[in-house]
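In our numbering, the protein residues as written are 6 to 999. Backbone N, C-alpha and C fix where the C-beta goes; we use that ideal spot for every residue, glycine too. Source: prediction; values computed, not measured. Worksheet for the structure shown next.
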Amino acid sequence: MDYEELAQLLSDASSLDASPQEPPPPPPPDSPLRLYDSSRGAIARERSQRPFSQQQRLLSTLDDDSLVGLVNTFDRPTQRARLRRPAAPADDAADAEDDPCIVTSSPEPPSSVVPSTPPASSRLSESDSSSDRSRSSSPTAARVGPLKFGDYAQYFSDKTAHQHSRDEYMRKLYQDALNGGREYPPIFKDCTIYINGRTFPDRLQLHQKIIIHGGSFKHFLSGKKSVTHIVASNLTAKKRIEFQNYKVVAPAWITESIAASKRLPWQDYALITGEYGQQKLQIARPPAAALPAPEQQPADGFDANSLDCKQPGFLQSFFAKSRLHQLSAWKADLRALFCEKYVEGAHLQPPPKGARLAIFHVDFDCFFATVSALSDARYDLSRDPLAVAHGNNSSEIASCNYVARSFGVKNGMWVRSARRLCPNLICLPYNFEQYEVNSKLLYQILAGSGFFQMILPISIDEAICVKYLDGLPDGDASAHQQCEAITRQIRRDVFDATNGCTVSIGCSNSLVLARLALKKAKPNGQCVMASLEQDSIDAFIEELPLRDLPGVGATIVDKVQQHILFEQTAEPTIGDLKRNSSLQLLASKLGTKTGHKLHLFLSGKDDEENSRVLRDPLDYFARKSISVDINYAIRFDTIHEIDEFIDRICEHLTTKLGELDMVTPQVTLKVTRRCEHAPIEPAKYLGSGECDTFSRSSRFGVPTCEAGLISTEVKSSFRMLGCPPKDLRGIAVQLNKLEKVSDRVCQLRLPFREQDASSAGSRFPALNVNAFNSLPGALKEDVRTELLKRKINLPPSPPSKRSASNSPVKDYWGRHGKRTETLKQEMPSTLDEDFMNHLPTQIQREIKWDHAIVKKASSSVRNRLSRKGTGVLNLSKNRPSKPEAVKFQSLERPLGISRLIKSWIDDTIDNGPHIDDLNLFDKYLTKLAAKGKTHHILKIARTMSSHLEYHSSFTKSNPQGRQEWEEYLLIRMIPTLTASAAKSDSGVQVTFDL
DNA sequence: GGTGTGTGGTAGC
DNA sequence: AATCGCTACCACACACC
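Below, the structure is given as structure tokens:
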């Protein structure tokens, strides 16, 4: 198809060329183009004479299937901690019978035993009745008889038994949630440990670590020798005497024993040494996880705490502390995990259309604030106003508890403003590790409960659980009761497992209503709205704020206020909008889709888009793009620093891309630039202040996962956007329209290969990139050659593994760091700003194009020319003589042509282009020149240059063929381009010095 | 009508 | 010292055919 289209295109060009035109100059007599046939012969000879190794011979005898199969046997299975997937429907019945945690309708509260022991700081609100609180705190807890008043001996005995079984239950839960169901090494087997006072890590974390590693935990000291070890960070004088006969150790004993996977001698961590009152000097070693990553070079003044975007470790240290990054990363992981599980459980079907569903929307209450607060025994969640934030002034509040909210404090507010509302606000640090642990516990409880047919991850602390009601005994009351019971059970289990984190749950039969019910339930409550008449639904949602609807944010509320409600109320409710709007009005003011969506939401109904997650969860959760956004701490001085930064971003992205086994056909750069009037340094330290954003996307002819290629494209886009380096405040790179590599192998077989491939029509298996990369070095190279020979799309090798190249261009581009040094001399890397700013936008744009192209062109051309000892391609200062005379049309879409050209190059990269094709192509270019479409030619030249560069750097193409292409670009295209530029008087001059 | 690009809104704490 | 303002995805407006 490529050839036909190309031929079509070219013939169009030649037919349009009927008007008298200067014929294109014939190639110089000594051009390699003249040698097309003979050179091809030479290549063929060279190939056939190359000696084959035994290995290569063997490989060449295999058919495609066997070859790919052979490679794939080298796959290394990726290991990954996984949550247990929800029990298969078939297993449900059995589970339900055995599992004591299934709550049937109308649950009878079990006879009360001792209260479960949440930390004193956490209290349940009255919605959790005291009978609720006092029931057995874990499903497997020993059930003991009612307690008689004053029977303390019995009380403590029960309590001990209870705690023991609770620890057992927790150990299992932790294993399932955090370790893929496998046991942890029983490091603390036979140890009974008591924790005294405040410690780091805190009591809850130590408790967890001890029980998962086989130890038992004492919540109180009773009787001598009932504990084997006491953990404490420091001891009062009195305690020192009291504990002097115990093995008192620092918390590091726990953490370091775990790190070492064996119980370390406690004496090394003893807090009390033989001599009375003398404390063994503990060099407080932070836990291993807190140590700075070893690759961060400690050299010249590098400070792990300071953020410097020019340092190589910046991305990593920034991401490590960015809550938003963590949230996004967690979400992506959860989605990936879901897909994995969903595919594994192939029997899992989305609910049949029209099935009766109960949707449970489960969400921790002010998640970060609660978890962080529970890690610090000084604070009481229900009394102290608490928030999680990094700093004290202009740092953002990630989460605040309900006490703080009662002062008007909100998430996202700066701490300084929050303190004005609530002077006693306490700021707690993040505890990302514990957030993750609690999240896993939540998901484990949801999955392990067996209640739900599907558990859809929304975020780290939030999930939507789906229960099919169809099989249930009928009667709405019963369904409602069941949902109530399930909800209660889940909330209690999560509270216990997390040592005091509360979840709220909203339950209804649509996603929207479940979400609204959740909002209503918060904090620490539940709201079940199953099987309702439309009237009661309307009554229910009437009073809820419009903001609570999914997809309705500040902007949409503003629009509604302005155009529909005319600012009648400060905080409009769903009822307000419902009474004052119609479908038509909504659609006209908010857009078609948004209007329709909102209209349905106002009646509590899901729309097509938001219910897609139920109909086709796999498609809904499948990854379609991948990106990095940095809009904090961006302060650069020169374009070179930005180039390096872009390199690192692309490196990061392609690493992820590789892990996902995907390639991208398109990259988008988004630049965030300081507003002209905004101060250089905004109020927030290293913040971005007020900014404008600009974006630009570009496509690759062949989807890629090469960092170098992507990076080059992004740098080029950056220059086009023309942001002065010092004004850059944020940068984002997105890889769009991702495709699985394994899906591409089959598609990519070139049509013309079908003719000579006798196996035409038979599918051959996808080549596994991991497997390919796992091949031993020599074999890998031979396989690569073999694959290339067969035109099987071969996976690119990761840059780190690339052997030393023999291509100067490749070396040149490989040396990211050094590159700027060499280029700086010959070509200004940024255009003079003042000069540029005074030009008309179109001209600016064109010059930037030109600039970028020449930069690229020179990179591939210079090495060959320098071998000849001649000059390099150079760019004059781009002084347009008559800028006002030129009106460039906005860029045409050379996209199709660009693709054609790339595939043309791909197919002829070894043997060189055919002279006839080139002649036709010349005519096409001449036509373009005649029409004054210089920019179009520029774009084509740029495409060719960059694609040749790609081959030069990343494929084992024959240098001779590539050289012919480069010659063509230099000797015929660039002069055409120059001529065209001169003729159209565009002011763009391209000089080419030899 | 379709397709592609750039911009903007929203979600999670 | 401060401070860690991410990221996936959809929808829209507009341009071009």
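- Put simply, the backbone Cα of tyrosine 448 is about 26 Å away from that of lysine 358.
- Around the C-beta of glutamine 539, fewer than 16 other C-beta atoms lie within 10 Å, and the residue is accordingly described as exposed.
- Judged by their CB atoms, threonine 717 and threonine 669 are not nearer to each other than the 9 Å cut-off.
- By the criterion of at least three beta-carbon pairs nearer than 8 Å, the region 368-380 is not in contact with the region 486-495.
- Our two residues, aspartate 581 and glutamate 547, have alpha carbons roughly 8 Å apart in a direct line.
- In the structure shown, glutamine 531 falls within a strand segment according to DSSP collapsed to helix, strand and coil.
- Contact annotation: aspartate 370 and proline 528 have beta-carbon atoms nearer than 9 Å.
- Here cysteine 432 has Ala392, Ala394, Asn397, Val420 as same chain residues with Cβ atoms under 7 Å from its own Cβ, once five neighbours each way along the sequence are excluded.
- The residues Pro190, Ile192, in chain order, have a CB closer than 8 Å to that of lysine 267 in the same chain once the five nearest residues on each side in sequence are set aside.
- By the Cβ criterion, the region 621-637 is in contact with the region 726-739, since at least three pairs of Cβ atoms, one from each stretch, lie closer than 8 Å.
- Contact between aspartate 621 and proline 355 holds: their C-beta atoms lie close to 6 Å from each other, under 8 Å.
- Fewer than three pairs of CB atoms, one per stretch, sit closer than 8 Å, so the region 647-664 makes no contact with the region 684-698.
- Annotation: histidine 212 is outside any beta strand (DSSP E); the continuous alpha helix (DSSP H) that includes it extends over 208-217.
- Judged by DSSP in its simplified three-state form, alanine 363 adopts strand.
- Judged by their CB atoms, glycine 609 and threonine 948 are not nearer to each other than the 9 Å cut-off.
- Here glutamate 247 carries a helix assignment [DSSP, helix/strand/coil].
- Scanning its chain for C-beta atoms nearer than 6 Å, with the 5 sequence neighbours on each side dropped, one finds around arginine 361 the residues Leu474, Asp475, in chain order.
- Residue pairing by DSSP places leucine 733 opposite Arg678 in a beta bridge.
- Around cysteine 655, the same chain offers Ala712, Ile715, Ser716, Val719, Val738 as residues with beta carbons nearer than 7 Å, after the five sequence neighbours per side are excluded.
- Linking lysine 336 to isoleucine 463 through their CA atoms gives a straight-line distance of about 7 Å.
- Pairing threonine 698 with aspartate 652, the inter-Cα distance amounts to about 21 Å.
- A contact between stretches requires three or more CB pairs, one per stretch, nearer than 8 Å, and the region 196-215 meets this requirement with the region 236-254.
- Taking the CA atoms as reference points, isoleucine 510 sits about 19 Å from serine 483.
- Annotation for tyrosine 407: Pro528 place their beta carbon closer than 6 Å to its own, counting only its chain and skipping 5 residues before and after.
- In the structure shown, phenylalanine 222 falls within a strand segment according to DSSP collapsed to helix, strand and coil.
- Runs of beta strand (DSSP E) with 3 or more residues, each lying fully within the region 518-565, are found at 531-534, listed in chain order.
- Beta-bridge partners of tyrosine 473 (DSSP): Leu362.
- Shown here, threonine 709 sits in a strand according to DSSP, grouped into three states.
- If the five residues before and after glutamate 261 are omitted, its C-beta is found closer than 7 Å to the C-beta atoms of Leu269, all from its own chain and listed in chain order.
- By the C-beta density criterion, arginine 425 is exposed, having fewer than 16 other C-beta atoms within 10 angstroms.
- Cα atoms of phenylalanine 319 and arginine 328: separation of roughly 16 Å, rounded to the nearest angstrom.
- Counting other Cβ atoms within 10 Å of its Cβ, glycine 727 reaches 16 or more and is therefore classed as buried.
- When the alpha-carbon of arginine 493 is set against those of Asp624, Leu516, Ile450, the nearest one is in Ile450.
- Residue pairing by DSSP places tyrosine 199 opposite Lys223, Ile235 in a beta bridge.
- Counted as a single uninterrupted DSSP element, the stretch harbouring aspartate 338 is not any beta strand (DSSP E) but the alpha helix (DSSP H) occupying residues 328-349.
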